[in-house]
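Visitor: Pasting a structure below so you can have a look.
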Amino acid sequence: MREQTCSIARSLEVLGERWTFLVLREAVSGTTRFADFRATLGVASDVLSDRLATLVDAGVLEKRPYREPGSRARDGYHLTDAGRELAVVLGALQQWGDAHRPYAPGPTVLRRSADGRPLHVAFVDDEGTEVPLEEVRFVRTATYPR
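Residue -9 is where the sequence shown starts when you use the working numbering, and the numbers rise one by one after that.
This is the structure in structure tokens:
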């Protein structure tokens, strides 16, 4: 298979499944154990195994062995730097969902851990200035199929 020239298409090769984002949501919240992912998400074991393997192969998660007393060794799944950077993508999805697919009791809010101040995801230029969406454009630097 030919490598995708579009970075969005390449990202979707790893992230393009619904369960992948839900696994990442839990990983960003601190979940590391297979049984905990499964219990929280209610996902079938084979689907979860596949999603975790994809994320490990792509360098988003890494396996780390652990052993609870009296139990066999197991692997925990921990975010890599690449995985932690996906918090921005998850935050953007959450922000969009709150605005366009609202939950009746009210939105979820991204907050700064140090002081609890609300946050939002935005485009920021190289000087640190937030750029309004109407001023953002995606520019192709390589030719790729539409």
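Note that the Cβ used here is the ideal one computed from N, Cα and C, for glycine as well.
Predicted model only: the values in this text are computed from it and were never measured.
Can you tell me which of the three DSSP states D40 falls into?
Guide: The residue given as residue 40 occupies position 50 in the sequence shown. Reduced to three states, the DSSP call for D40 is helix.
Visitor: Taking C-alpha atoms, which residue in T(-5), S39, C(-4) lies nearest to R23?
Guide: Your numbering for residue 23 matches position 33 in the sequence shown. Measuring from the Cα of R23, the nearest candidate turns out to be S39.
Visitor: What's the call for F113, buried or exposed, on a 16-neighbour Cβ count within 10 Å?
Guide: Within the sequence shown, residue 113 is the residue found at index 123, counting from 1. With fewer than 16 Cβ atoms within 10 Å of its Cβ, F113 is classed as exposed.
Visitor: Quick check on DSSP: helix, strand or coil for F128?
Guide: Counting from 1 along the sequence shown, the entry for residue 128 is found at position 138. Coil at F128, not helix or strand.
Visitor: Under a Cβ-count criterion, where at least 16 other Cβ atoms within 10 Å of its own Cβ denotes burial, should A34 be classed as buried or exposed?
Guide: Residue mapping note: residue 34 aligns to position 44 of the sequence shown, counting from 1. So A34 ends up on the exposed side.
Visitor: From D116 to T131, what distance separates their C-alpha atoms?
Guide: For the purposes of this step, residue 116 is taken as residue 126 along the sequence shown, with counting starting at 1. For the purposes of this step, residue 131 is taken as residue 141 along the sequence shown, with counting starting at 1. Computed Cα separation, rounded: 18 Å.
Visitor: Buried or exposed: where does Y67 fall if 16 or more other Cβ atoms within 10 Å of its Cβ makes it buried?
Guide: On the sequence shown, position 77 is the one that residue 67 refers to. Buried.
Visitor: What is the DSSP secondary structure of E75, reduced to helix, strand or coil?
Guide: For the purposes of this step, residue 75 is identified with residue 85 of the sequence shown, where counting begins at 1. Reduced to three states, the DSSP call for E75 is helix.
Visitor: Taking 8 Å as the cut-off, does the stretch 51 to 66 touch the stretch 8 to 27 (at least 3 CB pairs, one atom from each stretch)?
Guide: The stretch 8 to 27 vs the stretch 51 to 66: in contact.
Visitor: Does the stretch 41 to 51 come into contact with the stretch 78 to 89, if we say contact requires no fewer than three beta-carbon pairs (one atom in each stretch) closer than 8 Å?
Guide: The stretch 41 to 51 is not in contact with the stretch 78 to 89.
Visitor: Pick out the complete alpha helix (DSSP H) segments inside the stretch -3 to 22, 4 residues or longer, and give them in chain order.
Guide: Listed in chain order, the complete alpha helix (DSSP H) runs (minimum 4 residues) inside the stretch -3 to 22 are -3 to 5, 8 to 18.
Visitor: At what residue ranges does the stretch 49 to 97 contain a whole run of the beta strand (DSSP E), taking only runs of 3 or more?
Guide: Segments of the beta strand (DSSP E) lying fully in the stretch 49 to 97: 51 to 56, 64 to 69.
Visitor: Is it right to say V78 is buried, meaning 16 or more other beta carbons lie within 10 angstroms of its own, or is it exposed?
Guide: One-based indexing of the sequence shown puts residue 78 at position 88. It is exposed - the Cβ of V78 has fewer than 16 other Cβ atoms within 10 Å.
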